[in-house]
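Have a look at the structure below before the remarks.
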Amino acid sequence: MRPAAKRGSARTTMTTPAMMFALVAGSVLLLSGCETTSGPPAQITMAAEETFDGLRLVNNTRAQKVWIRPGFDLSQYSKIWPQSAGIQFRPVERGSRAQQRRGQSEFPVSNSARERLRSIMSEAFQAQLARLERYEIVDRPGPDVMMVRGALLDVVSFVPPESVGRSDVFISTVGAMTFVVELRDSESNTVIVRTADRRAAQRAGNTLQQSNPVTNQAEVRRLAQRWATWLREALEALPSYTPAGD
């Protein structure tokens, strides 16, 4: 399946605003869904050559990690059933203002940021999945239906609260998160493909720019669009994919 903040001279990095990786919240989530802090599709071990459930690592893919079940016929599916497995946020304690000014680099994701994240991701994934030509989108299992389960894991924000040094905070990265997708047979619930891709929502060229809601959300939108486009293209290519050795 081919499917830093700067106060004066100080510099701090961050990755996806309020982490809308959270940002992706709900959208990763693919078509919208619940935002949660538990229940990811699976615990991901990025270094595993073979997973606990029999999937094998595939090389030379656009995602950082892709595992596929050997010998499984992907051409039998003509419909997809998008589902959300939720979002997990990295536990971050709310520091004092003094700590934040001294260079705290990770910050809690506010409720409003989580809502923005859900909205941005939902829009991106709905738009891309609606463009699928190979698959019909359904909402129930069937013999030719493949579940597409998405989740965001370890979402972290590097954007300080607006009340803390707002006027002189420069960042190159809004936040970071791991986008996980599982493709499952809808009747047996067997995992066919699992992917994991960790990215940062950051400025082009990783350049510093004054932090503000407009530019921060723009970086999240760009990352959401990147993942949504990748997912659509990967799904379109699935039926013709044959793992080496099969």
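Residue numbering for the sequence shown follows numbering that gives the first Met the number 0, starting at 0 and increasing by one per position.
Where is the CB? At the ideal position from N, CA and C, for every residue including glycine.
Bear in mind the structure is a predicted one, so any value in this text is a computation, not a measurement.
Start-to-end residues for the beta strand (DSSP E) that takes in residue i
i	result
L56	55 to 57
For residue j and residue i, believed in contact at Cβ under 8 Å, the rounded distance
i	j	result
R130	Q82	19 Å between Cβ atoms; not a contact.
R213	L116	Note that residue 213 is Val in the sequence shown, not Arg. With 8 Å as the limit, V213 and L116 do not qualify as a contact, their Cβ atoms being about 15 Å apart.
Y67	V192	Correcting the residue identity first, residue 67 is Ile in this sequence and not Tyr. Yes, they are in contact, since the Cβ atoms of I67 and V192 sit about 5 Å apart, within 8 Å.
Q87	L152	5 Å
A84	A150	4 Å
Q209	F169	5 Å
M176	V154	4 Å
R139	E235	R139 to E235, Cβ: 22 Å. No contact.
K64	T194	7 Å
Delimiting residues of the alpha helix (DSSP H) encompassing residue i
i	result
V213	212 to 236
Burial state of residue i (16 or more Cβ within 10 Å)
i	result
A227	buried
Q216	buried
R231	buried
G70	exposed
D196	buried
P90	exposed
G141	exposed
E105	buried
R113	buried
E48	exposed
S187	exposed
Q103	buried
F51	exposed
Q201	buried
A233	buried
S171	buried
E111	Before going further, note that residue 111 is Ser rather than Glu in the sequence given. Under this definition S111 is an exposed residue.
S156	buried
T11	Residue placement at T11 is poorly supported in this model, since its pLDDT is 34, which falls under 50; the coordinates are not used for a value here.
Minimum Cβ-Cβ distance from residue i to chain C less than 7 Å
i	result
D196	In the displayed structure, chain C is absent; only one protein chain is listed.
* To do: Please list the segments of the beta strand (DSSP E) lying wholly inside the stretch 66 to 128, counting only runs of 3 or more residues, in order along the chain.
  => DSSP assignment within the stretch 66 to 128 yields the following whole beta strand (DSSP E) runs of 3 residues or more, N-terminal first: 78 to 88.
* What are the start and end residues of each continuous beta strand (DSSP E) run of 3 or more residues lying completely inside the stretch 141 to 192, in chain order? -> As far as the stretch 141 to 192 is concerned, its whole beta strand (DSSP E) runs of at least 3 residues are 144 to 156, 172 to 184.
* **Segment contact flag, the stretch 168 to 182 with the stretch 134 to 152, C-beta cutoff 8 Å, min 3 pairs** => Touching, yes, given that three or more Cβ pairs across the two stretches are closer than 8 Å.
* Report yes or no: do three or more beta-carbon pairs, one from the stretch 110 to 126 and one from the stretch 51 to 60, lie closer than 8 Å? => Taking a contact to require three or more Cβ pairs closer than 8 Å, the stretch 110 to 126 and the stretch 51 to 60 do not qualify as touching.
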